[in-house]
Amino acid sequence: AAGVIQSPRHLIKEKRETATLKCYPIPRHDTVYWYQQGPGQDPQFLISFYEKMQSDKGSIPDRFSAQQFSDYHSELNMSSLELGDSALYFCASSLARWTNTGELFFGEGSRLTVL
Amino acid sequence: AQRVTQPEKLLSVFKGAPVELKCNYSYSGSPELFWYVQYSRQRLQLLLRHISRESIKGFTADLNKGETSFHLKKPFAQEEDSAMYYCALLANAGGTSYGKLTFGQGTILTVHP
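Residue numbers (the working numbering), protein chains in the order written: chain W, 139 to 253; chain D, 58 to 170.
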């Protein structure tokens, strides 16, 4: 079965550079979530989209922006990268009407390293 | 604000022994709680949710509102249970928060042969 696909799997950037992460949800899923997991930390909710509109916002820095496109894929753009942005970035998807069941389908994550 | 606490970062048991992974939460409303699991080199996936009152792979978890706990239990651990386990809380259940889960810091369970 198709799963959530994230790209790239690994990314190395330098401070003050820009990075873009992509997420392709499971087909027919209309809701996408982004989580950030720092080393030894729990996943922290960043932002979510439902039907291409932002639906909820967590601890996402102003340097980050995200959007969901007409094909439901999402991109997380990170600018002016800092060392503390080094983390595993998870994308998850679900069907909104299932969302209150709490079942999110996660991708394998994109590991960003900022040097 | 909601918070999920998993006091044990590491838990090690022998095969066949009972296992309990602790989870406590703080939330002023009516929470929905979940256990997610991540096996080695696999993605994070839902193990079970409290509203289903189900047993998955022999695991059960009971929501205790008085103690604000949602401990995960299995009477006889198996080697294949070795994984990272996250307790997660969904606030505003039935409301407007679309899947905004608050995770605990995770417990690495190792089951020895």
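Positions of the beta carbon are idealized from the N, C-alpha and C atoms, including for glycine.
### Task
Give every residue of the same chain whose Cβ lies closer than 8 angstroms to the Cβ of S97 of chain D, excluding the five residues on either side of it in the sequence, and list them in chain order.
Answer for S97 of chain D: S139 and A140, listed in chain order.
### Query
Within the 8 angstroms Cβ cut-off, does D180 of chain W reach chain D?
yes
### Query
Taking the alpha carbon of H107 of chain D as the point to measure from, which residue in D:G73, D:H128, D:P75 and D:V94 has its own alpha carbon closest?
When C-alpha distances from H107 of chain D are compared across D:G73, D:H128, D:P75 and D:V94, the shortest belongs to D:H128.
### Query
How is D138 of chain D classed by DSSP in three states: helix, strand or coil?
helix
### Task
Taking all protein chains shown into account, decide if H148 of chain W is buried (16 or more other Cβ within 10 angstroms of its Cβ) or exposed.
exposed
### Message
For V76 of chain D, which residues in the same chain have their Cβ closer than 6 angstroms to its Cβ, ignoring the five residues on either side in sequence?
### Response
V70, K131 and A134
#### Entry: Expected contact under 8 angstroms - CB spacing of E228 of chain W and L101 of chain D to nearest Å
Note that residue 228 of chain W is Phe in the sequence shown here, rather than Glu. About 7 angstroms separates the Cβ atoms of F228 of chain W and L101 of chain D, confirming a contact at the 8 angstroms cut-off.
### Within chain W, the residues that Q135 of chain D reaches when beta carbons sit closer than 9 angstroms
Simply none; closest approach about 23 angstroms.
#### Entry: Three-state secondary structure (DSSP) of Q107 of chain D
The residue asked about is misnamed: residue 107 of chain D is His in this sequence, not Gln. Looking at H107 of chain D - three-state DSSP - the assignment turns out to be helix.
### Task
Could you tell me which residues DSSP puts in a beta bridge with S126 of chain D?
D:N81 and D:N121
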